[in-house]
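**Student:**
In our numbering, the protein residues as written are 35 to 147.
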């Protein structure tokens with residue numbers, strides 16, 4: 035949720051002509067991450083949760099690209115860029131880790147262990 039808040043704060047200072055373009059895309063991708071994790075957890079099955087975690091990882095990759103583009107277009111400064119990329123990387127690592135753990139547990143369950 036911190037990442038979502040940061041994206042909203044940073045995108046407020048971006049050019050108004052990006053309101054329906056890059057700003058909207060960044061905000062949707064950021065909101066998609068915790069939303070898909072919550073939805074996957076709510077499905078209460080490991081395969082569905084794994085699928086929604088994969089969608090979240092995709093949204094993080096999308097957001098990574100959008101933050102890079104924002105920096106290259108000079109819409110965000112270097113400090114914001116570094117902070118956002120760091121948070122995106124941490125979120126990716128945590129989400130990949132959870133997905134891997136669930137996938138390993140799923141294999142154990144399917145193999146009867």
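Even for Gly, the Cβ is constructed at its ideal location relative to N, Cα and C.
Nothing here was measured: the structure is a model prediction, and the numbers come from that model.
#1: Does the distance from the CB of residue 42 to the CB of residue 62 come in under 9 angstroms?
#2: Considering only residues of the same chain and omitting the five flanking positions on each side of residue 147, which have a CB-CB separation below 6 angstroms?
#3: Tell me whether residue 110 sits in a helix, a strand or coil according to DSSP, three-state version.
#4: Within a Cβ cutoff of 6 angstroms, which residues of the same chain sit near residue 105, ignoring the five residues on either side of it in sequence?
#5: Ends of the alpha helix (DSSP H) at residue 78?
#6: Report the three-state DSSP secondary structure of residue 92 (helix, strand or coil).
#7: What first and last residue would you give for the alpha helix (DSSP H) that runs through residue 13?
#8: Let me know if residue 70 comes out buried or exposed under the rule of 16 or more other beta-carbons within 10 Å of its beta-carbon.
#9: Please list, in chain order, all residues of the same chain as residue 117 whose beta carbon is under 8 angstroms from its beta carbon, the five residues on each side excluded.
#10: Near residue 78, what residues of its chain come up, given a Cβ to Cβ distance below 7 angstroms and the 5 sequence neighbours on each side ignored?
#11: Tell me which same chain residues have a C-beta within less than 8 angstroms of the C-beta of residue 85, skipping the five on either side of it?
**Tutor:** So, to answer that:
#1: For this step, residue 42 is matched to residue 8 along the chain shown. For this step, residue 62 is matched to residue 28 along the chain shown. Not in contact: residue 42 and residue 62 (Cβ atoms no closer than 9 angstroms).
#2: What you label residue 147 is simply residue 113 of the chain shown in a count that begins at 1. In this prediction, residue 147 has a pLDDT of 49, which is less than 50 and means its spatial position is unreliable; what the coordinates show is noted afterwards. Within the same chain, residue 147 has no close Cβ partners at all.
#3: In the chain shown, the residue the question calls residue 110 occupies position 76. Coil at residue 110, not helix or strand.
#4: Within the chain shown, residue 105 is the residue found at index 71, counting from 1. Closer than 6 angstroms at Cβ, skipping near neighbours: 115.
#5: The residue labelled residue 78 in the question sits at position 44 within the chain shown. It is not in any alpha helix (DSSP H) - residue 78 carries neither H nor E in the DSSP assignment.
#6: Position 58 of the chain shown, counting from 1, holds the residue named residue 92. Residue 92 falls in the helix class under three-state DSSP.
#7: Residue 13 is absent from the model: the chain starts at 35 and stops at 147.
#8: As a first step, residue 70 must be located in the chain shown, where it is residue number 36. Buried, because 16 or more other Cβ atoms sit within 10 Å of the Cβ of residue 70.
#9: Here residue 117 is taken as the residue at index 83 of the chain shown, counted from 1. Excluding residues within five positions, the ones whose Cβ falls inside 8 angstroms are 40.
#10: Within the chain shown, the letter at position 44 stands for residue 78. No residues qualify anywhere along the chain.
#11: Here residue 85 refers to the residue found at position 51 of the chain shown. Taken in chain order, the residues that qualify are 74.
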